[in-house]
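K.L.:
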Amino acid sequence: MHIKTKLEEILPAVIKELFDVDVDEKTVLIQKTRKEFEGDFTVVIFPFTKILKKSPEDIGKKLGEVLVEKVKEVESFNVIKGFLNLTLKAEYWLEFFVDHHSDIYFGCNEPLAEKPVVVEFSSPNTNKPLHLGHIRNNLLGDSVSRILEAYGHNVKKVNLVNDRGIHICKSMLAWLKWGKGASPESTGKKGDQLVGDFYVLFEQEYRKQISELVDSGKTKEQAEKDAQLIIEAREMLKKWENGDDEVVKVWKMMNEWVYEGFDVTYNRMGISFDKIYHESQTYLLGREIVEQGVQRNVFYRKPDGGVWADLSKEGLDDKLLLRPDGTSVYITQDIGTAELRYEDFDPSKMIYVVGNEQNYHFDVLKKLLKKLDKPYSDSVFHLSYGMVELPEGKMKSREGTVVDADDLMDLMEKTAEEITEELGKTEGMTGEQKQDLYKKVGLGALKYFILKVDPKKNMVFNPNESIDFNGHTAPFILYTYARIHSVLRKAPNDKLLPLKKTISPEKLAVKEKELLKLLHDYPAMVHESAKDLNPAVIANYVYELAKEFNQFYHDHSILNEPDNEISEFRIRLASFTGIVVRSAMGLLGIDVVDRM
RNA sequence: GGUUCCGUAGCUCAACUGGAUAGAGCAACGGCCUUCUAAGCCGUAGGUUGAAGGUUCGAGUCCUUCCGGAAUCACCA
7 MHIKTKLEEI LPAVIKELFD VDVDEKTVLI QKTRKEFEGD FTVVIFPFTK
57 ILKKSPEDIG KKLGEVLVEK VKEVESFNVI KGFLNLTLKA EYWLEFFVDH
107 HSDIYFGCNE PLAEKPVVVE FSSPNTNKPL HLGHIRNNLL GDSVSRILEA
157 YGHNVKKVNL VNDRGIHICK SMLAWLKWGK GASPESTGKK GDQLVGDFYV
207 LFEQEYRKQI SELVDSGKTK EQAEKDAQLI IEAREMLKKW ENGDDEVVKV
257 WKMMNEWVYE GFDVTYNRMG ISFDKIYHES QTYLLGREIV EQGVQRNVFY
307 RKPDGGVWAD LSKEGLDDKL LLRPDGTSVY ITQDIGTAEL RYEDFDPSKM
357 IYVVGNEQNY HFDVLKKLLK KLDKPYSDSV FHLSYGMVEL PEGKMKSREG
407 TVVDADDLMD LMEKTAEEIT EELGKTEGMT GEQKQDLYKK VGLGALKYFI
457 LKVDPKKNMV FNPNESIDFN GHTAPFILYT YARIHSVLRK APNDKLLPLK
507 KTISPEKLAV KEKELLKLLH DYPAMVHESA KDLNPAVIAN YVYELAKEFN
557 QFYHDHSILN EPDNEISEFR IRLASFTGIV VRSAMGLLGI DVVDRM
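Counting from 7, one number per residue, gives the positions in the first sequence under the working numbering.
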């Protein structure tokens with residue numbers, strides 16, 4: 007049992023015995039002792055003072071005495087103000103070390119026998135290439151999936167591709183009008199980039215038409231509706247929903263281009279899915295469910311034919327579910343996909359990694375599912391994350407400030423290469439090894455930079471300055487790992503085998519104990535990040551760990567330590583740290599490197 | 001206008017979910033390589049946590065008001 011839970015459980019009993027008063031387990035608060043004080047764990051005494059009507063110092067002292075006596079792991083205590091600081095015996099930390107130091111799965115749990123957890127992320131539109139915003143989404147979804155899996159959940163990663171709708175029609179229309187048959191083969195462009203170019207072209211021409219109409223006296227609003235291009239796009243959407251051969255043919259072809267492009271980008275990011283849904287295949291089911299809802303009087307139809315949900319009882323406005331012409335809207339297909347997902351996986355939880363701009367949408371979705379009495383309405387969870395902004399504000403495609411995912415990864419790799427070369431780190435490496443290193447360092451830096459921020463917060467990203475390779479970054483952590491491996495490479499083979507016995511307790515140095523304490527925390531960190539669906543917990547933890555190791559490494563010799571017993575211990579301590587660094591970085595989707 | 005979220009060092013982020021003197025990195029300044037990788041280590045400086053009230057033994061964290069910013073309230077997705 008974890009020592010912290012042990013203390014939490016024993017404290018109410020101790021208080022009962024000492025003062026004959028019952029305290030709620032919830033009032034027992036135990037935290038790690040802050041570095042500036044002596045001790046390993048701290049019991050906060052204040053909550054008891056009211057019930058016990060004694061001074062915090064008094065209570066702390068009495069509790070400390072009993073804990074030292076009754077809990078064999080506790081060596082000593084001190085009381086400062088209302089805080090009881092407990093110091094554990096060195097044996098406790100060393101025992102922990104012996105038990106776990108060679109366990110490459112340390113911190114991860116056996117799979118739980120339970121229904122799967124479905125994580126939906128990425129969910130791109132097929133009219134444009136992926137950009138910085140998608141990167142955060144993809145990295146979050148991927149990392150959360152890894153964390154949940156490590157915690158023991160049965161995770162299914164799914165992607166819902168928005169492959170239908172007016173946005174695709176815009177790209178298609180522009181291609182038909184001005185494309186002159188251009189294809190990825192004929193232009194040498196990535197398919198998603200090519201299709202994105204036509205989307206931009208459409209928007210440009212559309213805007214021209216709008217301003218012409220405004221000049222001729224129309225309001226902006228009216229002009230946006232009346233422009234020839236948008237009318238044609240809408241007609242195309244209708245044709246598509248009616249299965250028009252010509253339109254469907256172009257649609258299939260252009261989507262195929264996009265998928266090929268996306269695959270390259272996903273691959274590069276190290277992201278994969280267990281199942282890919284296409285909106286074009288789910289929206290009909292959504293439409294069907296909505297129609298059933300109308301029959302059951304859950305929803306209602308207006309005279310013009312549009313179908314609506316009355317959400318006034320839920321405190322929201324009415325919501326359109328089907329347009330008067332029968333075509334479906336965004337939320338219609340989301341109802342369909344939820345149903346399909348339920349049928350496919352019978353999940354205990356459906357997590358949707360979607361930006362916080364859609365908080366309202368998911369509110370509505372949950373309420374609609376509830377109205378429909380869907381058994382899974384409570385298992386829908388919106389993992390809402392904040393926007394990525396540039397120093398000058400939001401990314402705007404019209405102003406060309408959108409940071410393209412492929413370009414950004416190029417930039418990261420190039421920067422990694424420059425810095426590595428500058429530091430002269432590539433001696434003796436083959437060209438292939440170098441490329442692999444640049445890729446891992448550059449991509450790792452990008453992933454870490456994004457994942458270290460609390461998902462729910464907005465973040466600022468400056469492509470030219472944000473990415474450092476020093477300090478609180480992935481390269482710093484990777485460097486620590488490479489250092490560890492450099493030591494391990496030089497250690498004699500027989501000194502890499504697991505230890506059954508370790509140094510005597512009095513030999514344990516402060517930095518070694520601090521490192522052990524951090525390693526000891528890892529399972530709790532996995533638990534916390536899984537509970538909160540927050541990779542930043544892991545990111546910040548592994549940074550602390552790397553920092554602590556670097557201090558240890560600086561202060562103590564590992565291989566050159568004259569005391570053989572200590573040297574052997576330190577080799578395994580380094581290797582244990584390496585195992586946890588690798589594991590934690592793995593949860594962030596970041597590959598470590600042995601040399602850099 | 002309604003609703004929701006955010007505001008912490010010059011910049012980018014933490015703060016164990018209400019606990020000790022608010023911590024890191026970057027940028028600035030000063031030290032440390034003849035020794036296991038200096039992408040490192042050590043130090044200096046930097047704060048009225050947007051403002052004012054309130055609740056509490058205790059507030060960056062909870063409540064109220066105000067200021068500033070963002071998202072959303074689509075027959076876009």
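Backbone N, C-alpha and C define an ideal beta-carbon position, used for all residues, glycine too. The structure displayed is predicted, hence computed values, not measured ones.
By the DSSP assignment, the alpha helix (DSSP H) with Lys-325 in it spans what residues?
P.N.:
The residue labelled residue 325 in the question sits at position 319 within the first sequence. Premise fails: Lys-325 lies in the beta strand (DSSP E), 325–328, not in any alpha helix (DSSP H).
K.L.:
Can the beta-carbon of Ala-451 be found closer than 8 Å to that of Phe-475?
P.N.:
As a first step, residue 451 must be located in the first sequence, where it is residue number 445. As a first step, residue 475 must be located in the first sequence, where it is residue number 469. For Ala-451 and Phe-475, yes; Cβs fall inside 8 Å.
K.L.:
Name the two residues that bound the continuous alpha helix (DSSP H) containing Lys-376.
P.N.:
Stepping through the first sequence from its first residue, residue 376 is reached at position 370. Lys-376 -> alpha helix (DSSP H) spans 365–377.
K.L.:
Are there 16 or more other CB atoms within 10 angstroms of the CB of Thr-479, so buried, or fewer, so exposed?
P.N.:
Mapped onto the first sequence, residue 479 falls at position 473. Answer is buried; the Cβ neighbour count reaches 16.
K.L.:
Given Ser-278, which residues of its chain have a CB within under 8 Å of its CB, disregarding the five upstream and five downstream residues?
P.N.:
Along the first sequence, read from residue 1 onward, the residue named residue 278 stands at position 272. Taken in chain order, the residues that qualify are Lys-163 and Tyr-272.
K.L.:
Indicate whether the contact test is met: 3 or more Cβ pairs, each with one atom in the segment 135–148 and one in the segment 513–525, closer than 8 Å.
P.N.:
Because the criterion of three Cβ pairs below 8 Å is not met, the segment 135–148 and the segment 513–525 do not touch.
K.L.:
May I ask which residues mark the beginning and end of the beta strand (DSSP E) holding Asn-91?
P.N.:
In the first sequence, the residue the question calls residue 91 occupies position 85. Its beta strand (DSSP E) spans residues 89–94.
K.L.:
Drop a sphere of 10 angstroms on the beta-carbon of Gly-171, count the other beta-carbons inside from all chains shown, and report buried for 16 or more, exposed for fewer.
P.N.:
For the purposes of this step, residue 171 is taken as residue 165 along the first sequence, with counting starting at 1. So Gly-171 ends up on the buried side.
K.L.:
So what does DSSP say about Ser-129, is it helix, strand or coil?
P.N.:
Taking the first residue of the first sequence as 1, we reach residue 129 at position 123. In this structure, Ser-129 counts as coil in the three-state DSSP scheme.
K.L.:
To the nearest angstrom, report how far apart Thr-508 and Glu-428 are at their CA atoms.
P.N.:
Here residue 508 is taken as the residue at index 502 of the first sequence, counted from 1. Here residue 428 is taken as the residue at index 422 of the first sequence, counted from 1. When rounded, the distance between both Cα atoms is 42 Å.
K.L.:
Which residue marks the beginning of the beta strand (DSSP E) containing Lys-163, and which one marks its end?
P.N.:
Translated into the one-based positions of the first sequence, residue 163 becomes position 157. Unbroken beta strand (DSSP E) run through Lys-163: 161–167.
K.L.:
DSSP three-state label for Val-360, please.
P.N.:
As a position in the first sequence, residue 360 is number 354, starting the count at 1. Strand, per DSSP.
K.L.:
Hey, quick one: how far does the alpha helix (DSSP H) through Val-253 stretch, first residue to last?
P.N.:
Sequence index remark: in the first sequence, residue 253 carries index 247 (1-based). Here the alpha helix (DSSP H) through Val-253 covers 251–275.
K.L.:
Give the range of the alpha helix (DSSP H) segment to which His-562 is assigned.
P.N.:
Taking the first sequence and counting its residues from 1, one reaches residue 562 at position 556. No alpha helix (DSSP H) contains His-562, which DSSP labels as neither H nor E.
K.L.:
Taking the alpha helix (DSSP H) that Thr-55 falls in, what are its first and last residues?
P.N.:
As a working mapping, residue 55 is identified with position 49 in the first sequence. First-last of the alpha helix (DSSP H) with Thr-55: 52–58.
K.L.:
Can you give the Cα-Cα distance for Ala-119 and Glu-155, rounded to whole angstroms?
P.N.:
For this step, residue 119 is matched to residue 113 along the first sequence. For this step, residue 155 is matched to residue 149 along the first sequence. Going from the Cα of Ala-119 to the Cα of Glu-155 covers about 12 Å.
K.L.:
Considering only DSSP beta bridges, list what Ala-315 is partnered with.
P.N.:
On the first sequence, residue 315 is found 309 positions in, with the first residue counted as 1. Ala-315 is bridged to Lys-325.
K.L.:
Could you check which residue in Val-548, Pro-53 and Arg-601 has the C-alpha nearest to that of Thr-426?
P.N.:
Translated into positions along the first sequence, residue 426 becomes position 420. With distances taken between Cα atoms, Thr-426 lies closest to Arg-601.
K.L.:
Which stretch, first to last residue, makes up the alpha helix (DSSP H) that contains Val-452?
P.N.:
Reading the first sequence from its first residue, position 446 is the one you call residue 452. Reading the sequence as shown, one finds Leu at residue 452 and not Val. 437–457 is the span of the alpha helix (DSSP H), which, as asked, contains Leu-452.
K.L.:
Which residue wins for smallest C-alpha separation from Ala-488, given the options Lys-183, Lys-446 and Lys-226?
P.N.:
Position 482 of the first sequence, counted from the first residue, corresponds to residue 488. For the residues Lys-183, Lys-446 and Lys-226, the minimum Cα distance to Ala-488 belongs to Lys-446.
K.L.:
Rank Ile-57, Glu-42, Asp-340 and Arg-40 by C-alpha distance to the C-alpha of Val-34 and give the top, closest one.
P.N.:
Within the first sequence, the letter at position 28 stands for residue 34. The shortest Cα separation from Val-34 among Ile-57, Glu-42, Asp-340 and Arg-40 belongs to Ile-57.
K.L.:
So, with DSSP's three-state summary, where would you put Val-543?
P.N.:
Indexing the first sequence from 1 puts residue 543 at position 537. Looking at Val-543 - three-state DSSP - the assignment turns out to be helix.
K.L.:
So, is Leu-502 buried or exposed, given that buried needs 16 or more other C-beta atoms within 10 angstroms?
P.N.:
Sequence index remark: in the first sequence, residue 502 carries index 496 (1-based). Exposed, by the Cβ-count rule.
K.L.:
Could you tell me the alpha carbon to alpha carbon distance between Tyr-336 and Pro-529, rounded to whole angstroms?
P.N.:
For this step, residue 336 is matched to residue 330 along the first sequence. For this step, residue 529 is matched to residue 523 along the first sequence. When rounded, the distance between both Cα atoms is 40 Å.
K.L.:
Below 8 Å between beta carbons: does that hold for Leu-90 and Leu-69?
P.N.:
As a working mapping, residue 90 is identified with position 84 in the first sequence. As a working mapping, residue 69 is identified with position 63 in the first sequence. Yes; because the gap between Cβ atoms is below 8 Å, this pair is in contact.
K.L.:
Could you tell me how far apart the beta carbons of Met-178 and Val-256 are, in whole angstroms, since I believe they sit closer than 8 Å?
P.N.:
Along the first sequence, read from residue 1 onward, the residue named residue 178 stands at position 172. Along the first sequence, read from residue 1 onward, the residue named residue 256 stands at position 250. That pair is a contact at about 5 Å.
K.L.:
Does DSSP classify Tyr-336 as helix, strand or coil?
P.N.:
As a working note, residue 336 is residue 330 in the first sequence. Three-state DSSP puts Tyr-336 in a helix.
K.L.:
Any chance the segment 432–446 sits against the segment 349–365, with 3 or more Cβ pairs inside 8 Å?
P.N.:
With the cut-off at 8 Å, the segment 432–446 and the segment 349–365 do not touch.
K.L.:
Gln-37 bridges to which residues according to DSSP?
P.N.:
Locating residue 37 in the first sequence gives position 31, counting from the first residue. Answer is Thr-48.
K.L.:
Grouping DSSP H, G and I as helix and E and B as strand, with all else coil, what is Leu-470?
P.N.:
Indexing the first sequence from 1 puts residue 470 at position 464. In the sequence under discussion, the amino acid at residue 470 is Asn, which differs from the Leu named in the question. Asn-470: coil per DSSP, three-state reduction.
K.L.:
Between Gly-202 and the rest of its own chain, which residues show a CB-CB distance below 8 Å, the 5 nearest in sequence each way excluded?
P.N.:
Position 196 of the first sequence holds residue 202. So the qualifying residues of the chain are Asn-133, Lys-134, Pro-135 and Ser-177.
K.L.:
Give me, in chain order, the residues of the same chain whose beta-carbon lies closer than 7 Å to that of Tyr-157; leave out the 5 immediate sequence neighbours on both sides.
P.N.:
Reading the first sequence from its first residue, position 151 is the one you call residue 157. Counting only Cβ-Cβ distances below 7 Å, and skipping sequence neighbours, we find Asn-115, Val-532, His-533 and Ala-536.
K.L.:
From Asp-324, Arg-404, Glu-424 and Val-85, pick the residue whose C-alpha is nearest to that of Phe-52; which is it?
P.N.:
Indexing the first sequence from 1 puts residue 52 at position 46. Minimum Cα distance to Phe-52 is reached at Val-85.
K.L.:
Would Ser-286 and Asp-169 qualify as a contact pair, given that the criterion is a beta-carbon distance under 8 Å?
P.N.:
Position 280 of the first sequence, counting from 1, holds the residue named residue 286. Position 163 of the first sequence, counting from 1, holds the residue named residue 169. Yes, they are a contact pair.
K.L.:
Going by DSSP, what residues sit across from His-284 in a beta bridge?
P.N.:
Your numbering for residue 284 matches position 278 in the first sequence. Beta-bridge pairing links His-284 to Val-167.
K.L.:
Assign Gly-399 to one of three DSSP states: helix, strand, or coil.
P.N.:
Here residue 399 refers to the residue found at position 393 of the first sequence. Note: Gly-399 maps to strand in three-state DSSP.
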